[in-house]
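Undergrad: Take a look at the following structure, please.
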Amino acid sequence: MAKTVLEVRELTTRYITRFRESIYAVDHVSLKVDEGRSLGIAGESGCGKSTLALSLMGYYFPPLYYTSGQIIVDERNITGMDPDDVRKTILGNEVSYIPQAAMNALNPTRRVINFIEDVIQAHRPETTKREIYDMARERFELLGLPPEVLEKFPVELSGGMKQRTVIATSVILSPKVLVADEPSSALDVTSQKMVIKMVMDLMEKGIIKALVFITHELPLLYNVTDDIMVMYAGQVVERGTAQETVFDPIHPYTRALMGSIIVPEAGLRGVKLAAIPGTPPNLKRPPSGCRFAERCKYAMPECRAASVDLHETKAGRAYRCIIPEEDLRRLYKNEQ
Amino acid sequence: MKGYRDYFLKKLAWFVVTVVVAFTLNFILPRLMPGDPVAAIVARMAQGMSNATGVQAVYEQYTELFATDQPLLNQYVIYLRNVLNGDFGYSISQYPRTVADVISASIWWTIALQFPAIIVGWIVGNTLGALAAYLRKGFDKVLLPVSLFLSNLPAFGMATILLVIFAVNLRWFPTSGGYDYAMVPSASWEFVWSVIVHYQLPFWSIVLITIGGQAIGMRSMAIYELNADYVKYARFLGIKDSKIIRYVFRNAMLPQITGLALSIGTMVSGALVAEIIFSYPGLGSTTLSAVLGGDYPLISATTLIITFMALIAFFALEILYGLIDPRIKAAQSG
Ligand SMILES: Nc1ncnc2c1ncn2[C@@H]1O[C@H](COP(=O)(O)OP(=O)(O)OP(=O)(O)O)[C@@H](O)[C@H]1O
Ligand SMILES: [Mg+2]
Numbered sequence: 001m002a003k004t005v006l007e008v009r010e011l012t013t014r015y016i017t018r019f020r021e022s023i024y025a026v027d028h029v030s031l032k033v034d035e036g037r038s039l040g041i042a043g044e045s046g047c048g049k050s051t052l053a054l055s056l057m058g059y060y061f062p063p064l065y066y067t068s069g070q071i072i073v074d075e076r077n078i079t080g081m082d083p084d085d086v087r088k089t090i091l092g093n094e095v096s097y098i099p100q101a102a103m104n105a106l107n108p109t110r111r112v113i114n115f116i117e118d119v120i121q122a123h124r125p126e127t128t129k130r131e132i133y134d135m136a137r138e139r140f141e142l143l144g145l146p147p148e149v150l151e152k153f154p155v156e157l158s159g160g161m162k163q164r165t166v167i168a169t170s171v172i173l174s175p176k177v178l179v180a181d182e183p184s185s186a187l188d189v190t191s192q193k194m195v196i197k198m199v200m201d202l203m204e205k206g207i208i209k210a211l212v213f214i215t216h217e218l219p220l221l222y223n224v225t226d227d228i229m230v231m232y233a234g235q236v237v238e239r240g241t242a243q244e245t246v247f248d249p250i251h252p253y254t255r256a257l258m259g260s261i262i263v264p265e266a267g268l269r270g271v272k273l274a275a276i277p278g279t280p281p282n283l284k285r286p287p288s289g290c291r292f293a294e295r296c297k298y299a300m301p302e303c304r305a306a307s308v309d310l311h312e313t314k315a316g317r318a319y320r321c322i323i324p325e326e327d328l329r330r331l332y333k334n335e336q
Numbered sequence: 001m002k003g004y005r006d007y008f009l010k011k012l013a014w015f016v017v018t019v020v021v022a023f024t025l026n027f028i029l030p031r032l033m034p035g036d037p038v039a040a041i042v043a044r045m046a047q048g049m050s051n052a053t054g055v056q057a058v059y060e061q062y063t064e065l066f067a068t069d070q071p072l073l074n075q076y077v078i079y080l081r082n083v084l085n086g087d088f089g090y091s092i093s094q095y096p097r098t099v100a101d102v103i104s105a106s107i108w109w110t111i112a113l114q115f116p117a118i119i120v121g122w123i124v125g126n127t128l129g130a131l132a133a134y135l136r137k138g139f140d141k142v143l144l145p146v147s148l149f150l151s152n153l154p155a156f157g158m159a160t161i162l163l164v165i166f167a168v169n170l171r172w173f174p175t176s177g178g179y180d181y182a183m184v185p186s187a188s189w190e191f192v193w194s195v196i197v198h199y200q201l202p203f204w205s206i207v208l209i210t211i212g213g214q215a216i217g218m219r220s221m222a223i224y225e226l227n228a229d230y231v232k233y234a235r236f237l238g239i240k241d242s243k244i245i246r247y248v249f250r251n252a253m254l255p256q257i258t259g260l261a262l263s264i265g266t267m268v269s270g271a272l273v274a275e276i277i278f279s280y281p282g283l284g285s286t287t288l289s290a291v292l293g294g295d296y297p298l299i300s301a302t303t304l305i306i307t308f309m310a311l312i313a314f315f316a317l318e319i320l321y322g323l324i325d326p327r328i329k330a331a332q333s334g
């Protein structure tokens with residue numbers, strides 16, 4: 001059996017706003033990524049993808065707070081660790097991160113190499129400048145980035161180059177897990193492809209052992225990750241392999257999500273179906289029953305009665321719906 | 001480094017152009033006066049003068065200085081030469097002192113008052129603003145209203161408050177002057193002490209106002225930078241807060257340097273209010289009395305000095321920015 005590199009158990013975190021309200025943007029989320037595998041996380045804007053990305057690194061600062069759950073990185077539970085230790089030993093070193101706004105992720109007044117120096121020295125203070133330069137150069141070359149970039153200021157780089165520089169910087173210490181939060185969303189199609197290829201290369205070249213890839217475009221994940229997890233209003237609503245989730249979704253939300261996006265695949269190109277009607281619930285006061293019921297075509301009164309658990313299927317998939325899998329499939333079939 | 005050289009040359013070219021324009025305006029304006037400018041100046045001057053030979057001497061001096069009997073180009077060359085020699089003719093209001101003499105006697109008072117005040121105010125203000133942004137909570141709650149009050153107080157308000165409290169009521173400091181008027185300037189301890197005592201109120205009136213403005217500016221810049229995406233990214237790569245704080249304050253400070261250059265460049269007008277209220281013998285009060293007394297040669301010379309100081313400050317600022325802030329250079333070279 002493959003080794004589990006990252007495991008998250010029932011993690012709950014919340015934002016506390018200026019007005020002392022709690023927003024549970026990550027609500028009892030569990031996930032597992034084995035060595036050599038990649039997990040895609042999809043969902044609409046505001047469902048908590050970025051919050052989950054930040055939360056699963058085990059380091060919190062206002063307005064985000066840890067509430068409950070466990071995070072296990074390479075068999076080590078990091079939940080109870082001293083925040084300074086997490087920062088020194090985990091962040092950037094074991095679990096690394098590419099932020100959603102990677103365009104602005106680099107300090108504009110610091111040369112790329114100096115920033116890389118700061119990253120490396122934060123974890124390995126004894127490394128000399130010479131060694132750091134060699135490490136950076138080697139890593140940049142391996143990832144197809146011109147080493148001249150190292151001497152540049154971020155403002156001197158194009159958008160796509162900045163993005164790729166951020167990726168290369170994030171994996172400079174060969175972390176076990178990389179959490180990439182929409183690394184390609186803000187880019188044009190050509191740069192998008194380049195960035196996705198680069199992230200996949202990180203796995204192939206053995207720089208990272210596991211990948212968590214976040215996007216709001218569910219179909220995009222089919223080509224990129226092995227497994228997929230769909231989130232809705234802070235909760236996991238479906239989990240399975242990429243193939244199954246994209247082509248044979250169980251949860252009505254996953255199905256709606258597949259239909260609401262322009263599919264970049266040939267053949268499906270330009271088939272833009274209507275966006276999912278309605279809006280996600282307010283996370284300050286989530287509904288007590290199924291959170292998707294408001295917008296669900298198949299909703300029944302029982303859906304709103306009590307909270308819904310995540311059901312595991314025999315095939316190892318999971319979905320959060322009170323309607324059994326077979327019944328859902330029948331409903332879908334009748335529609336066609 | 002080629003990028004920087006181009007940037008430098010471009011800025012230098014602009015500097016030279018603006019200096020030439022400012023200089024030429026200073027040359028042309030008096031010559032646009034209707035009639036003979038020399039006669040007009042001397043006529044105004046002669047109002048307060050009883051001795052005819054004096055008037056005659058002044059007339060000749062100005063004819064030579066302005067060279068109105070020669071073609072315009074020659075006049076320009078002569079003007080240029082005079083300015084380079086520091087020869088601006090006689091002051092009308094303080095005749096027989098020359099303009100150069102009047103200015104050199106007052107400019108050092110202004111520089112000695114303003115320069116340290118601006119620097120101290122800038123450093124203290126920026127430090128307080130940065131601390132307020134970083135610590136927030138109680139410190140910020142006190143600093144922000146105080147700074148808002150200080151920076152919104154008009155300069156004369158601040159000077160007057162200090163004057164009333166510390167000079168009139170408490171009598172800790174004298175009300176006016178650069179030194180005790182009964183003294184003759186000398187290198188004695190008494191004189192130095194007198195200068196120091198007279199220095200305090202005008203100095204602190206400028207420092208306090210500068211602190212208020214700088215602290216507010218730095219506070220909001222630093223809060224903005226603290227929330228920047230690069231701060232979050234650096235944190236999640238495990239970089240220590242002490243290092244990140246350094247990124248933040250460096251970036252927040254860069255725009256604040258503009259304020260510093262602006263204050264230094266406009267030092268003379270900046271000191272005006274404090275100099276007037278405390279009757280401080282600087283260039284500000286000299287300029288004011290020149291304007292009130294219609295002392296044309298003195299006005300002309302001080303205008304030129306004020307303009308040049310501002311131009312030099314801005315030139316220095318841009319050159320410095322090009323070196324320390326990569327964003328500027330990148331934006332300029334497109
Ligand atoms: N700093 C914050 N303070 C309070 N609430 C926040 C904060 N950041 C996010 N939220 C809330 O948390 C919820 C989840 O936000 P998050 O950014 O994780 O969504 P997302 O799925 O990444 O969306 P997107 O696709 O737009 O990036 C949203 O309802 C959002 O309003
Ligand atoms: Mg996001």
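First to last, the protein sequences are chains A and B. Heads up, the first sequence is in our numbering, so the first residue is 1 and it goes up one at a time. Heads up, the second sequence is in our numbering, so the first residue is 1 and it goes up one at a time. Backbone N, C-alpha and C fix where the C-beta goes; we use that ideal spot for every residue, glycine too.
Exposed or buried, residue 129 of chain B, counting other C-beta atoms within 10 Å across all chains shown (16 or more means buried)?
TA: Working through the second sequence from its first residue, we reach residue 129 of chain B at position 129. Buried, since its Cβ has 16 or more Cβ neighbours within 10 Å.
Undergrad: Count the other CB atoms, across all protein chains shown, that sit within 10 Å of the CB of residue 269 of chain A; report buried if there are 16 or more and exposed otherwise.
TA: The sequence position of residue 269 of chain A within the first sequence is 269, counting from 1. Since pLDDT at residue 269 of chain A reaches only 45, below the 50 mark, its modelled position is unreliable, and no value is offered.
Undergrad: For ligand 1, which residues have a Cβ under 5 Å from at least one heavy atom, in chain order?
TA: A:15, A:23, A:25, A:45, A:46, A:47, A:48, A:49, A:50, A:51, A:63, A:216 and A:283
Undergrad: Could you tell me the distance, in whole angstroms, from the CA atom of residue 206 of chain A to the CA atom of residue 278 of chain A?
TA: Looking up residue 206 of chain A in the first sequence gives position 206. Looking up residue 278 of chain A in the first sequence gives position 278. Taking the straight line from one Cα to the other gives about 43 Å.
Undergrad: Can you look up residue 104 of chain A in the DSSP assignment and give me helix, strand or coil?
TA: Against the first sequence, residue 104 of chain A aligns to sequence position 104. In this structure, residue 104 of chain A counts as helix in the three-state DSSP scheme.
Undergrad: Using a Cβ-Cβ cut-off of less than 9 Å, list which residues of the region 139-162 of chain A approach chain B; keep chain order.
TA: Going along the region 139-162 of chain A in chain order, one finds 152, 153, 154, 155 and 156 with a Cβ nearer than 9 Å to chain B.
Undergrad: At what residues does the alpha helix (DSSP H) containing residue 183 of chain B begin and finish?
TA: One-based indexing of the second sequence puts residue 183 of chain B at position 183. Here residue 183 of chain B belongs to no alpha helix (DSSP H), and DSSP marks it neither H nor E.
Undergrad: Give a single yes or no on whether residue 181 of chain A has its beta carbon closer than 7 Å to a heavy atom of ligand 2.
TA: Within the first sequence, the letter at position 181 stands for residue 181 of chain A. Yes, since a heavy atom of ligand 2 falls inside the 7 Å radius drawn around the Cβ of residue 181 of chain A.
Undergrad: If you measure from the beta carbon of residue 348 of chain A to each beta carbon in chain B, is any gap under 8 Å?
TA: This structure cannot speak to residue 348 of chain A, because chain A is shown only from 1 to 336.
Undergrad: Considering only C-alpha positions, which residue in the set B:241, B:322, B:177 and B:85 is nearest to residue 110 of chain B?
TA: Mapped onto the second sequence, residue 110 of chain B falls at position 110. Per the Cα distances, B:177.
Undergrad: So, with DSSP's three-state summary, where would you put residue 7 of chain A?
TA: In the first sequence, the residue the question calls residue 7 of chain A occupies position 7. It is a strand residue.
Undergrad: Do residue 288 of chain B and residue 272 of chain B have their C-beta atoms closer together than 8 Å?
TA: The residue you call residue 288 of chain B lines up with position 288 of the second sequence. The residue you call residue 272 of chain B lines up with position 272 of the second sequence. A contact, by the Cβ cut-off of 8 Å.
Undergrad: Which residues, in chain order, does the region 227-246 of chain B contribute to contact with chain A at a C-beta distance below 8 Å?
TA: 228, 229, 230, 232, 233, 234, 235, 236, 237, 238, 239, 240 and 243
Undergrad: So, helix, strand or coil for residue 19 of chain A, using DSSP?
TA: Sequence index remark: in the first sequence, residue 19 of chain A carries index 19 (1-based). Of the three classes helix, strand and coil, the one that applies to residue 19 of chain A here is coil, per DSSP.
Undergrad: Using a Cβ-based criterion (distance less than 7 Å to any ligand heavy atom), does residue 100 of chain A qualify as near ligand 2?
TA: Along the first sequence, one-based indexing puts residue 100 of chain A at 100. Indeed, a heavy atom of ligand 2 lies less than 7 Å from the Cβ.
Undergrad: Look up residue 250 of chain B in the DSSP assignment and say whether it is helix, strand or coil.
TA: Within the second sequence, the letter at position 250 stands for residue 250 of chain B. It is helical.
Undergrad: Let me check understanding here. Comparing Cα to Cα, which of A:238, A:184, A:115 and A:26 lies closest to residue 151 of chain A?
TA: Stepping through the first sequence from its first residue, residue 151 of chain A is reached at position 151. Checking every option, the nearest Cα to that of residue 151 of chain A belongs to A:115.
Undergrad: Can you tell me whether DSSP reads residue 280 of chain B as helix, strand or coil?
TA: In the second sequence, the residue the question calls residue 280 of chain B occupies position 280. Residue 280 of chain B sits in coil when the DSSP states are folded into three classes, being neither helix nor strand.
Undergrad: Give a yes or no on contact between the region 143-155 of chain B and the region 209-219 of chain B, applying the rule of three or more CB pairs nearer than 8 Å.
TA: yes
Undergrad: Look at the Cβ atom of residue 370 of chain A, then the Cβ atom of residue 99 of chain A, and state whether they are nearer than 8 Å.
TA: Absent from the model: residue 370 of chain A. The displayed extent of chain A is 1 to 336, so no value can be given.
Undergrad: Who are the Cβ neighbours of residue 172 of chain B in its own chain at under 7 Å, not counting the five residues just before and after it?
TA: Reading the second sequence from its first residue, position 172 is the one you call residue 172 of chain B. Hits under 7 Å: 166.
Undergrad: Per DSSP, what are the beta-bridge partners of residue 97 of chain A in this structure?
TA: Here residue 97 of chain A corresponds to residue number 97 of the first sequence, with the count starting at 1. Per DSSP, the beta-bridge partners of residue 97 of chain A are A:179.
Undergrad: Answer yes or no: the CB of residue 194 of chain A versus the heavy atoms of ligand 4, is any distance below 7 Å?
TA: What this structure holds is ligand 1 and ligand 2, not ligand 4.
Undergrad: Could you please tell me which residues of the region 12-28 of chain A, in chain order, have their CB closer than 8 Å to any CB of chain B?
TA: none
Undergrad: From this set, A:217, A:89 and A:105, which residue's C-alpha is nearest residue 231 of chain B's C-alpha?
TA: Position 231 of the second sequence, counted from the start, is the residue given in the question as residue 231 of chain B. The shortest C-alpha separation from residue 231 of chain B is found at A:105.
Undergrad: DSSP on residue 328 of chain A, reduced to helix/strand/coil?
TA: Here residue 328 of chain A corresponds to residue number 328 of the first sequence, with the count starting at 1. If DSSP states are grouped into helix, strand and coil, residue 328 of chain A belongs with the helices.
Undergrad: Cβ of residue 126 of chain B less than 8 Å from any chain A Cβ?
TA: The sequence position of residue 126 of chain B within the second sequence is 126, counting from 1. No, no contact with chain A.
Undergrad: Distance cutoff 8 Å, beta carbons only. Does residue 250 of chain B sit that close to anything in chain A?
TA: Sequence index remark: in the second sequence, residue 250 of chain B carries index 250 (1-based). Output row for residue 250 of chain B: interface = yes.
Undergrad: In this structure, how does DSSP classify residue 17 of chain B when only helix, strand and coil are distinguished?
TA: Indexing the second sequence from 1 puts residue 17 of chain B at position 17. Looking at residue 17 of chain B - three-state DSSP - the assignment turns out to be helix.
Undergrad: From the DSSP output, in three-state form, read off residue 222 of chain A for me.
TA: Here the question's residue 222 of chain A lines up with position 222 in the first sequence. Residue 222 of chain A: coil per DSSP, three-state reduction.
Undergrad: Helix, strand or coil for residue 302 of chain B per DSSP?
TA: Position 302 of the second sequence, counted from the start, is the residue given in the question as residue 302 of chain B. The answer is helix: DSSP assigns residue 302 of chain B an H, G or I state.
Undergrad: Does any CB atom of chain B fall closer than 8 Å to the CB of residue 186 of chain A?
TA: As a position in the first sequence, residue 186 of chain A is number 186, starting the count at 1. No, its Cβ sits nowhere closer than 8 Å to a Cβ of chain B.
Undergrad: Under 9 Å Cβ-Cβ, which residues of chain A neighbour residue 325 of chain B?
TA: As a first step, residue 325 of chain B must be located in the second sequence, where it is residue number 325. Near residue 325 of chain B (Cβ distances below 9 Å), the residues of chain A are 108 and 109.
Undergrad: So what's residue 126 of chain B in DSSP terms, helix, strand or just coil?
TA: Against the second sequence, residue 126 of chain B aligns to sequence position 126. If DSSP states are grouped into helix, strand and coil, residue 126 of chain B belongs with the helices.
Undergrad: I'd like to know whether the C-beta of residue 422 of chain A is nearer than 8 Å to at least one C-beta of chain B.
TA: Outside the displayed range of chain A (1 to 336) lies residue 422 of chain A, so it cannot be described from this structure.
Undergrad: Which of the residues in the region 293-321 of chain A, read from start to end, lie with their CB under 8 Å from any CB of chain B?
TA: Legend: CB atoms of the region 293-321 of chain A lying less than 8 Å from CB atoms of chain B are not found in any residue.
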